[in-house]
Structure formats: structure tokens, C-alpha cells
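Asks:
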Amino acid sequence: MPARIKAPRPRAQRWRLAIQIFFFVLVVLVATTTALKEQGVVLPLAGSASLHAICPFGGVVSFWQLATLGTLVKKVHESSVVLAVLGLLLALLFGPVICGWICPFGSFQEWLGRLGKRMFGKRHNAMVPRGLDRVLRFLRYAVLAWVSYMTVVTGKLFFQDYDPYFALFNFWTGEVAVAGFIVLGATVLLSLAVERPFCKYACPYGALLGIFNLFRVFGIKRKASTCISCHACSKACPMNIEVESLTAARDHQCITCLKCTSEAACPVPATVELATGPLDAPADKTARAPTPDGAASEGGQA
Ligand code: SF4
Ligand code: SF4
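Per my numbering: the sequence shown = residues 1156 to 1457.
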């Protein structure tokens, strides 16, 4: 039997993996440094590094208190506010790249998903009934509203007790609440069956960044006039977005992972790209691409 040769990872995906590993290792180092400091061991160059200081969401939930009282929520550092602003600017340009390229908890779920693919094969990421999945995806906006409101009312990092990211990188410190461990455990188990379940259904920061997909400058664009309706782009999307039926993926769940692009999944060059403006010339906007069986596919936005 001929040996199967694994296709090389596309360049953008190699960069993405390298960046994901970099930030994952960085957060592990920061968490370890903080724990050692609490034991009286101060490493050179470690300074005042802490997970709270590098968390942009801490800055986001501090915006209200900063604007009204001029102070930060307890435990939040100035650096978090700077990172929060940078994160929003990045999202304005490219959508939630923080989710797809940087967030160590997103990467953690993605890596668990690889194990899930081996366990469940084609059923992986296709088990939640479509109707239920569609409703659940709006849950994260309720979480965002709840966490923002409670942070304003309490003046402390309310989400910490429920945050699986905090639980993962602090599980040995005694600072993690039971609820944090429960959410972390549920996320680990669900990640084996569903791609990025916490990102899809519960992450308040992902919810905020996802809104930027509606008006981001550089978007995921599909050229309807060259598409052969092979479904490869939709199959590759971890967030289950039907790229094949869109001319611009404005779905609030896109994480800019670029897995659907012509460099990665789409077999037709320059047909799915990260770009500004439409890929089709104005005259082609209504173009219907021929399918292998002679039918036609329509362009649209979501
Ligand atoms: S639409 Fe493309 S870039 Fe967006 S999440 Fe899906 S695969 Fe990634
Ligand atoms: S955009 Fe590319 S991958 Fe998606 S259906 Fe068309 S040809 Fe296939």
C-alpha cells in the first residue's frame, strides 16, 4: 500500500501555529513567574509580570470605571487598558485575530480539537443540532452583558471566578474558584467533540471582538465567479461558517484563522482571500458559479 504523504502546512498556517505557541509559552512563563514571586523567588527580568497585566479583557471591563471614576477595576493594570485598545484597533482592521492567532485558551481548545478529530472523525464539530447551535452562539453576548454589569457593580474582576483561562494557568495556586474548574473541565471535554466550544458559546471577549466582523476593514472574501462549489472552504472552517455561499464572511463568529482561504483549503487560486473590497469585479457581483453537476451557486453576505 502506498504511503500517504501529508501535505505541507500552508505558510499562513505555519505562522499562525508559531504565534499561537509563542503566546501559549509566554503565558505559561508569566503564570510560573507570578507563582514563584509569591514564594519569594524573583526571577531576573520578570519585573511585575502577571496574567492580569497582560489580559486585554481586564482593560475592556475597566473602561466604564475609568471613564466615570478615573480608576481601574481591582487587580487590573494600566497595561491591560493599552492592550484592550490595541485589541480593538486590530479587530477593526482584521476582525478577531486575537481569538484565532493569539489567545492561549483558544489555541488550547484548538489543540484538544485535533485529538477530538482522531476520536470522532467526520462527526467531530458536527454533533450539535444546527438550530440549537445557532441559538447557543448568542449566549456569549449574554455572558458579556452579565460580566460587564457585574464588574461595574462590584468594582472587581467578577469573571475571574468563572474564567476557564484563569483556571488553566492558575490551577495550582489555590486562587481558582470551583466554578472556574467546572467551566474548564466542561470546556476540555466539549473541545473533543466541538471546535472551540468556549469561543463559540461563552467567551465574553470573543463576543465583543466578533461584533467587529460586521465592519472590519480586511475581510474574508470569496470570488463567486471562479468558485467551483466544492465545499472545501466551509468544511475547513472551525466555526462552521458556510463560506461557500458568501461573497464576504461577515459572520460574527469568524476568528480570521484563514483556514478557508485559497492558500489553505480552497483549491482555486485567488478565490477565498483576506482582502478589502469585493474580489469579483462589479460586473461579476451576481455571477453564479457552475457546480460539478451543472447547477449554480449564489453569492451573498452573512
Ligand atoms: S470563515 Fe475562514 S477565517 Fe473565518 S473562522 Fe472560518 S475558516 Fe477561519
Ligand atoms: S470558494 Fe473555493 S473551496 Fe469554497 S466552494 Fe468555492 S471553490 Fe470550493
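Glycine included, C-beta positions come from ideal geometry on N, C-alpha and C. Because the structure is a prediction, the values reported are computed rather than measured.
1) Given the structure, does Lys-1272 come close to ligand 1, in the sense that its CB is under 6 Å from one of the ligand's heavy atoms?
2) Do the CB positions of Phe-1373 and Thr-1431 come within less than 7 Å of each other?
3) Would you say Lys-1414 touches ligand 1, meaning its beta carbon is less than 6 Å from a heavy atom?
4) Less than 7 Å separating the beta-carbons of Ala-1167 and Glu-1418?
5) At a threshold of 6 Å, does Thr-1402 count as lining ligand 2 (C-beta to nearest heavy atom)?
6) For the stretch 1309 to 1321 against the stretch 1330 to 1338, are there 3 or more C-beta pairs whose distance is under 8 Å?
7) Taking the Cβ atom as the reference point for each residue, do Cys-1210 and Ser-1235 lie within a distance shorter than 7 Å?
8) Quick one: what's got a C-beta closer than 6 Å to Gly-1255's C-beta in the same chain, skipping five residues either side?
9) Using the rule of at least 16 other Cβ atoms within 10 Å of the residue's Cβ for burial, across every protein chain shown, is Tyr-1304 buried or exposed?
10) For ligand 2, is there any heavy atom lying closer than 6 Å to the beta carbon of Ile-1383?
11) On a CA-only basis, which of Val-1302, Trp-1266, Pro-1393 and Met-1274 is nearest Leu-1363? Give me that one, please.
12) Cβ of Glu-1399 within 6 Å of any heavy atom in ligand 2?
13) Tell me which residues share the same chain as Phe-1275 and place their Cβ nearer than 7 Å to its Cβ, disregarding the 5 neighbours each side in the sequence.
14) My parser needs the beta strand (DSSP E) runs of 3 or more residues fully inside the stretch 1316 to 1403; what are they?
15) For Ile-1257, is the beta carbon positioned less than 6 Å from some heavy atom of ligand 1?
16) Could you tell me the alpha carbon to alpha carbon distance between Pro-1251 and Thr-1381, rounded to whole angstroms?
17) Would you tell me roughly how many angstroms separate the C-alpha atoms of Gly-1195 and Leu-1184, rounded to the nearest one?
18) Who does Leu-1312 pair with in a DSSP beta bridge?
Replies: This is what the structure holds:
1) No.
2) Yes, the pair counts as a contact, with Cβ atoms nearer than the cut-off.
3) Checking the Cβ of Lys-1414 against ligand 1 gives yes.
4) Result yes, Cβ atoms of Ala-1167 and Glu-1418 sit closer than 7 Å.
5) Checking the 6 Å criterion, the Cβ of Thr-1402 is out of range of every heavy atom belonging to ligand 2.
6) Yes, the stretch 1309 to 1321 is in contact with the stretch 1330 to 1338.
7) Result yes, Cβ atoms of Cys-1210 and Ser-1235 sit closer than 7 Å.
8) Excluding sequence neighbours, Gly-1255 sits near Ile-1410, Thr-1411 and Cys-1412.
9) It is exposed - the Cβ of Tyr-1304 has fewer than 16 other Cβ atoms within 10 Å.
10) Ligand 2 approaches Ile-1383 closely enough that one of its heavy atoms is under 6 Å from the residue's Cβ.
11) Ranked by how close their Cα comes to the Cα of Leu-1363, the residues Val-1302, Trp-1266, Pro-1393 and Met-1274 have Val-1302 in first place.
12) Yes.
13) Ala-1348.
14) Qualifying beta strand (DSSP E) stretches, in chain order: 1374 to 1377.
15) Checking every heavy atom of ligand 1 against the Cβ of Ile-1257, none is found closer than 6 Å.
16) Near 27 Å, if we compare the C-alpha coordinates of Thr-1381 and Pro-1251.
17) Gly-1195 and Leu-1184 have their alpha carbons spaced roughly 16 Å apart.
18) Answer is none; Leu-1312 lacks a bridge partner.
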